[in-house]
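Following: one structure in structure tokens, then a few remarks.
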Amino acid sequence: MDSKFISELLINLRYLTKHATFKEEQECRIIQIKQLGDENIIISKECDQMYIEYMEMQKHIERIYFAPKATGFELYRDILKHKHQDLDIKCEQSNLPFL
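Quick note, this note's numbering runs 26 ahead of the 1-based positions in the sequence shown.
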């Protein structure tokens with residue numbers, strides 16, 4: 027097989043794994059793969075994004091950390107706080123460096 031082809035197949039696996047230095051975060055990653063035409067995909071033209079609302083927020087969620095290089099997390103944080111005013115979820119950008 028062509029190494030470029032294999033690289034393209036494996037690139038999405040990076041979202042499933044973490045470097046060992048981040049083990050204390052006890053992170054839960056949720057990934058869903060859908061076809062572009064799936065009826066559950068929400069396209070927001072004003073925010074220029076696509077997403078799937080996959081579960082309701084629960085009262086046991088205390089804090090959400092966004093990756094250090096994540097862009098636009100402030101918008102997501104504001105939407106989350108508006109939609110779930112009854113929950114006191116702290117949202118912040120991580121300052122842990124990438125390795």
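Even glycine gets a Cβ: it sits at the ideal position worked out from N, Cα and C.
Cut-off 8 angstroms between Cβ atoms - residues of its own chain near residue i, not counting five sequence neighbours on either side
i	result
Leu125	Low confidence applies to Leu125: its pLDDT is 49, below 50, so where it sits in the model is not reliable enough to give any reading.
Sub-8 angstroms separation of residue i and residue j beta-carbons
i	j	result
Asn66	Ile57	no
Leu101	Cys73	yes
Other residues of its chain near residue i: CB distance less than 7 angstroms, five sequence neighbours each side excluded
i	result
Ile69	Met76
Identity of the residues DSSP links to residue i by a beta bridge
i	result
Tyr77	Ile68
Tyr91	Glu118
The alpha helix (DSSP H) enclosing residue i, as first and last residue numbers
i	result
Arg40	Run containing Arg40: none; DSSP gives neither H nor E here.
Asp112	Where Asp112 is concerned, there is no enclosing alpha helix (DSSP H), given that its DSSP letter is neither H nor E.
Separation of residue j from residue i, as counted between CA atoms
i	j	result
Ser33	Ile59	18 angstroms
Ile115	Phe31	41 angstroms
Ala96	Gln119	8 angstroms
Phe7	Met27	In the structure as shown, the chain begins at 27 and stops at 125. Residue 7 is therefore absent and cannot be evaluated.
Arg89	Leu113	11 angstroms
Residues near residue i in its chain [Cβ-Cβ closer than 6 angstroms; skip 5 each side]
i	result
Pro94	Ser120
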